[in-house]
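Residue numbers (the working numbering): 8 to 449.
Beta carbons are placed, not taken as given, at the ideal position from N, Cα and C, and that holds for glycine.
To keep things clear, I will list the structure first and then write my remarks on it.
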């Protein structure tokens, strides 16, 4: 297969890298450390590209970095979509050559002598250039570095195959309605007891995300959990009084560790669970096909969990604890006493309460990891974000912690967290059963 010519700028970068490699033939993290006195602008080795032993993990780290630092910022559900597209591109590029797992789409037969690692690099590069066009220059540079680090040629037939695999995934998601998900919205009956209302005139966040085309599940309503509990129910009463006490801004019952847990889980599911997955993969002898698949499977589940959760949120439009507690005297429940000055520990997000988005996404991602590695992966999972470190011995510990965290934060009733976690598990089970299965081909 004839490989398309690159731009003069990219060829020049290639030549520059050849010179660098000639001077430092073992370009890696150690080489980067030796050059730590150089300025950031002249120090491409600070990129995660040189930190991993395989191209799939390298480019996953780059994708996460761009996704979390996007300007303007991406909402967590948008992050899940971006990462799903990216990881699917890499998965199809690699497994389209190795044939170990079914691809998401149906790429043409791979050319002879195509390197799956070259395909992974090319697919990752092409996907990220389209998803983050402002970073094209940086990505072009790192693309050439990545090929060089792995001893791959610009003429490897895997490059064109990987690029075409990424292009197919991007085209398949180009009209998935994600671009139409933000519009002015007020819930029908807003202001009535139990109905979500916008606070401080903040616009509703992505009210149309439930209309985004799912990746694997049949529809956003496939795992609809039904409505939230009635305002006069025992469940609502218990949850109301729990969060009123422990989720308030200045709580006398919330411990310092519980406050840290609340703050830690303000980070997005991508930031937390990608780290958990990479830590566990480092302890497993997974090949390139397996790594590409697990990353893709986790983000497929997260992408579909986001769509299903948001569809449910805007179907039921349940109110948040903050307006619920302020208006507790109007809900018809004598056991929910109002507090006109109540404020949550973490600011109330601008979208309906039921079910919890973080619990849904985290549970979906964690369930995929449970299915792949078992609930207890045999190694402690340690994640540090914003100076707070959390440790778990099992994935289910992390899920339970996010359930608790949203209560400590004062932004979710416990039942909504538990319902979200159940939805996430169900979606992950479905995705794992129907997508990226081991190939039956000989």
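Host alpha helix (DSSP H) of residue i (start-end)
i	result
residue 146	143 to 156
residue 256	Taken as a continuous stretch (DSSP letters only), residue 256 belongs to no alpha helix (DSSP H), as it is neither H nor E.
residue 322	295 to 323
residue 133	123 to 138
residue 204	Careful: residue 204 lies outside any alpha helix (DSSP H) and carries neither H nor E.
residue 411	402 to 415
residue 265	263 to 271
residue 328	328 to 333
residue 280	276 to 288
residue 360	Premise fails: residue 360 is in no alpha helix (DSSP H) and is neither H nor E.
residue 482	With the chain covering 8 to 449 only, the question about residue 482 has no answer from this structure.
residue 177	164 to 180
Exposed unless 16 or more other CB atoms sit within 10 angstroms - verdict on residue i
i	result
residue 225	exposed
residue 440	exposed
residue 184	exposed
residue 56	Below a pLDDT of 50, predicted positions are generally treated as unreliable, and residue 56, at 49, falls in that range; the measurement from the model is reported next regardless. Residue 56 should be labelled buried.
residue 44	Note that residue 44 scores 28 on pLDDT, short of 50, meaning its location in the model is unreliable and no value can be drawn from it.
residue 262	exposed
residue 375	buried
residue 73	buried
residue 344	exposed
residue 444	exposed
residue 214	buried
residue 281	buried
residue 386	exposed
residue 102	buried
residue 236	buried
residue 156	buried
residue 367	buried
residue 219	buried
residue 217	buried
residue 223	buried
residue 324	buried
residue 24	The predicted position of residue 24 is uncertain, since its pLDDT is 41 and thus under 50; a value taken from the coordinates is nonetheless stated next. Under this definition residue 24 is a buried residue.
residue 76	exposed
residue 246	buried
residue 1	Any question about residue 1 goes unanswered here, given that the chain covers just 8 to 449.
residue 363	buried
residue 260	exposed
residue 141	exposed
residue 178	exposed
residue 432	buried
residue 447	exposed
residue 458	Outside the modelled stretch of the chain, which goes from 8 to 449, sits residue 458, for which no answer is possible.
residue 188	buried
Range of the contiguous beta strand (DSSP E) that encloses residue i
i	result
residue 398	395 to 399
residue 388	388 to 392
Pick from the options that is closest to residue i, judged by C-alpha positions
i	options	result
residue 68	80, 84 and 128	128
residue 266	97, 397 and 100	397
residue 133	173, 168, 121 and 108	173
residue 190	212, 177 and 198	212
residue 306	158, 139, 221 and 142	221
residue 86	309, 223, 384 and 435	309
residue 112	121, 123, 356 and 98	98
residue 239	409, 137, 336 and 320	336
residue 241	195, 187, 341 and 150	341
residue 117	104, 110, 123 and 124	104
residue 88	314, 411 and 159	314
residue 193	289, 371, 399 and 320	320
residue 166	145, 96, 143 and 197	96
residue 139	333, 80, 196 and 354	80
residue 384	295, 400 and 106	400
residue 451	233, 232 and 354	This structure gives no information on residue 451, because the portion of the chain shown stretches from 8 to 449.
residue 350	293, 254 and 244	254
residue 154	204, 202 and 61	61
residue 70	146, 436 and 389	146
residue 186	438, 84 and 357	84
Beta-bridge pairing of residue i - partner residues as DSSP gives them
i	result
residue 380	Residue 380 is not bridged to any residue.
residue 445	108
residue 351	255
CB-CB length for residue i against residue j, believed under 8 angstroms
i	j	result
residue 426	residue 250	With a Cβ gap of about 15 angstroms, residue 426 and residue 250 do not count as contacting.
residue 382	residue 402	6 angstroms
residue 209	residue 168	Not a contact, Cβ separation roughly 46 angstroms.
residue 393	residue 274	7 angstroms
residue 430	residue 277	Residue 430 to residue 277, Cβ: 18 angstroms. No contact.
residue 291	residue 108	Wrong, their Cβ atoms sit about 16 angstroms apart, outside the cutoff.
Proximity test, residue i beta-carbon vs the ligand SAH heavy atom, cut-off 7 angstroms
i	result
residue 337	No copy of the ligand SAH occurs in the structure displayed, which carries no ligand at all.
Any C-beta of chain D under 8 angstroms from that of residue i
i	result
residue 362	No chain D appears in this structure, which consists of one protein chain only.
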